[in-house]
Amino acid sequence: MSIIPYGRQDITPEDIAAVVEVLQSDWLTQGPKIPEFEAALASYCGARYAVVVSSATAALHLACIAAGLKAGDRLWTSPITFVASANCGRYCGATVDFVDIDPHTYNLSVSALATKLAVAQKQGTLPKVVIPVHLAGQSCEMAALAELAQTYGFTLIEDASHAIGGQYRGRPIGCCEFSTMAVFSFHPVKIITTGEGGAILTNNPDLYQRLIRLRSHGITRDPQQMVGDSHGSWYYQQLELGFNYRMTDLQAALGLRQLQRLDQFVERRRFLAQRYHQYLADLPLTLPFQHPDTRSSWHLYIIRLKRDQIQASHREVFEALRCLGIGVNLHYIPVHTQPYYQQLGFQWGDFPNAEAYYQEAISLPLYYGLTLAQQDQVIQALKQVLA
């Protein structure tokens with residue numbers, strides 16, 4: 008029996024030809040496709056700068072370093088995210104904490120953040136960085152978060168790994184109108200792919216220059232950034248400790264082609280999401296809520312089981328769907344319940360909204376190539392299992 012996956016890349020002959028063209032060129036690693044992809048990304052999102060890197064995890068790490076996060080500082084994020092949103096703080100030696108989710112959007116709760124910040128101010132434990140996560144492609148309430156950032160003096164880094172192609176208040180996610188930096192992911196299950204890869208967008212020229220250095224060992228070839236005079240055209244200087252977080256020209260060529268179809272991808276995802284809304288409305292499920300300020304790019308379609316109306320357990324529903332060939336998934340296990348974070352002092356009960364979500368959530372198949380017949384199969388399987 009073939010499985011309908013929850014997410015899948017869409018690769019065309021034109022995508023393949025773009026990669027082959029680079030394979031036959033003089034540039035495989037850092038070549039002309041890198042700045043071309045960066046310029047196209049920045050233009051699409053309405054940001055001044057984009058820096059592409061080897062993964063969204065690398066992007067989050069570099070964004071935290073560029074924001075000045077270090078040992079003794081604090082980073083706060085959502086517990087409903089992939090572990091990388093929190094781990095990036097640990098890479099910098101910072102203390103990580105979480106803010107519970109909004110029970111409707113499943114994004115970081117503005118009211119919970121405001122309450123936690125007021126307490127932290129009195130205790131002298133305010134965060135240096137807050138990372139709101141745009142779960143499933145829907146933006147967090149960035150204007151309200153930006154007001155809190157201004158009041159309490161922290162840096163906002165958007166984890167927009169799910170959300171390229173989405174909008175907030177009519178502007179593209181990634182424009183950084185309300186944040187210092189925004190991060191995208193180009194993993195194959197995301198909306199566009201470079202195989203592996205990520206990007207950081209910003210409107211700050213100093214951050215941009217530092218991010219460029221940090222992704223390549225902390226090295227510059229720009230004489231204006233050097234200490235003392237250049238020794239010649241071969242010369243470079245390492246100004247700080249950086250990393251090998253570079254994207255290849257092969258990946259950038261694929262990303263450029265994929266970016267040209269981004270609006271097409273998102274339009275199809277929105278159509279399929281609307282179709283789920285229509286055909287699942289009568290089932291004992293909570294369907295995704297959309298905040299009126301947002302237009303999701305629908306990386307994921309997350310349902311929640313109304314468990315008091317269903318005979319089967321959460322796990323039984325999940326496993327029954329898998330047995331019927333529906334490759335459902337669960338995004339995400341609350342990060343604070345992972346053994347690593349429990350060793351740091353977190354425990355079950357710390358973030359009740361996130362934990363309640365985890366006990367009910369299931370991600371349904373949603374991707375550009377999902378056919379109506381396959382979506383009908385998903386819908387019928389749900390009806391069968393929930394009957």
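Quick note on this note's numbering: the sequence shown kicks off at 8 and runs consecutively. Glycine residues also receive a C-beta, built at the ideal position from the N, C-alpha and C atoms.
- The C-beta of Asn251 has fewer than 16 other C-beta atoms within 10 Å across all chains shown, which makes the residue exposed.
- Taking Leu69 as the centre and dropping the five residues before and after it, the same chain places the C-beta of Val60, Ile207, Leu218, Leu221, Arg222, Tyr252 closer than 7 Å to its C-beta, in chain order.
- Taking 8 Å as the cut-off, the Cβ atoms of Val136 and Leu82 count as close.
- Secondary structure at Val90: coil, using DSSP grouped into helix, strand and coil.
- Scanning its chain for C-beta atoms nearer than 8 Å, with the 5 sequence neighbours on each side dropped, one finds around Ala25 the residues Ala260, Leu261, Leu263, Arg264, in chain order.
- Of all alpha-carbon atoms in Ala380, Ile41, Thr293, the one lying nearest the alpha-carbon of Tyr56 is that of Ile41.
- In this structure, DSSP gives Val234 a state outside helix and strand, which the three-state scheme calls coil.
- The beta carbons of Ala361 and Arg311 sit no closer together than 8 Å.
- Annotation: the continuous alpha helix (DSSP H) that includes Arg217 extends over 212 to 221.
- Secondary structure within the region 243 to 310: the alpha helix (DSSP H) runs of 4 or more consecutive residues, fully enclosed, are 256 to 267, 269 to 287 (chain order).
- Taking the Cβ atoms as the reference, Tyr375 lies roughly 23 Å from Thr88, outside the contact range of under 8 Å.
- About 13 Å separates the beta carbon of Ala189 from that of Ser304, a gap too long to meet the 8 Å contact definition.
- Comparing C-alpha distances from Tyr159 to each of Gly131, Pro295, Lys197 shows the shortest one belongs to Gly131.
- Closest in C-alpha terms to Pro86, from the list Gln354, Val385, Gln382, comes Gln354.
- If you ignore the 5 residues before and after Leu292, its C-beta comes within less than 7 Å of the C-beta of Ile310, Arg311, Leu312, Lys313, all in its own chain and listed in chain order.
- About 7 Å separates the Cβ atoms of Tyr13 and Leu371, confirming a contact at the 8 Å cut-off.
- Our two residues, Tyr308 and Pro295, have alpha carbons roughly 7 Å apart in a direct line.
- Contact between Val140 and Asp166 holds, with the beta-carbon distance rounding to 4 Å and staying under 8 Å.
- In the three-state scheme derived from DSSP, where H, G and I count as helix and E and B as strand, Leu133 is classed as coil.
- Excluding the 5 residues flanking it on each side, Ala101 has same chain C-beta neighbours closer than 8 Å at Cys71, Leu76, Lys77, Ala78, Gly79, Asp80, Arg81, Leu82, Lys135, Val136, in chain order.
- Secondary structure of Ser240 (DSSP, three-state): coil.
- The alpha-carbon of Tyr347 is positioned some 13 Å away from that of Ala91.
- For Leu328, the enclosing alpha helix (DSSP H) begins and ends at 321 to 330.
- For Ile164, the uninterrupted beta strand (DSSP E) run begins and ends at 162 to 166, by DSSP.
- Excluding sequence positions up to five before and after Val106, its CB lies within less than 7 Å of the CB of Trp83, Ser85, Leu115, Ser116, Ala119, Leu120, Lys123, all in the same chain and listed in chain order.
- An exposed status is given to Leu35, since fewer than 16 other beta-carbon atoms sit within 10 Å of its beta-carbon.
- Within a 10 Å sphere around the beta-carbon of Asp236 sit fewer than 16 other beta-carbons, which makes this residue exposed.
- About 4 Å separates the beta carbon of Ala63 from that of Gly205, a gap short enough to meet the 8 Å contact definition.
- Residues Leu261, Arg264, Gln265 of the same chain have their beta carbon placed closer than 8 Å to that of Asp22, with the five preceding and five following residues left out of the count.
- Taking the Cα positions, Pro20 is about 48 Å away from Gln157.
- In this structure Thr255 does not touch Tyr243 by the C-beta definition: roughly 20 Å separates them, more than the 8 Å allowed.
- Following the DSSP letters along the chain, one finds Leu67 in no beta strand (DSSP E) but inside the alpha helix (DSSP H) bounded by residues 63 to 73.
- The Cβ-Cβ distance between Ser186 and Ile164 falls below 8 Å.
- Annotation: the continuous alpha helix (DSSP H) that includes Tyr347 extends over 346 to 349.
- Under a 10 Å Cβ-count criterion, His306 is classified as buried, with 16 or more other Cβ atoms of the shown protein chains found around its own Cβ.
- Here Val385 really is in contact with Ile333; their C-beta atoms are around 5 Å apart, less than 8 Å.
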